[in-house]
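Enquirer: Structure in structure tokens, see below.
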Amino acid sequence: RDRKFCGNCGKPLSSKRVCPGCGKDAEPGVKFCGSCGASLA
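Laid out in structure tokens, this is it:
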């Protein structure tokens, strides 16, 4: 399930997620980055 707040600072998260591999924005609901293929789990 999606988190609504940052686990580090507590700020609300936007609907977009950022890929941990390449740092690009990832669409909500996708499991893998469209740019580098990293898992967004």
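Take the numbering used here: the final residue in the sequence shown is number 1523, and no numbers are missing along the way. For each residue, glycine too, the CB sits at the ideal point set by N, CA and C. Computed from a prediction, not measured in an experiment: that's the story for all the values here.
Short check: CB of CYS1504 to CB of CYS1491, under 7 angstroms?
Expert: Cβ atoms of CYS1504 and CYS1491: not closer than 7 angstroms.
Enquirer: Do the CB positions of CYS1515 and ALA1523 come within less than 7 angstroms of each other?
Expert: Taking 7 angstroms as the Cβ cut-off, CYS1515 and ALA1523 do not qualify as a contacting pair.
Enquirer: Just tell me which of SER1521, ALA1520 and PRO1510 has its CA closest to the CA of LYS1486.
Expert: The shortest C-alpha separation from LYS1486 is found at PRO1510.
Enquirer: Taking the DSSP output, what are the residues bridged to PRO1494?
Expert: BP columns for PRO1494 point to PHE1487.
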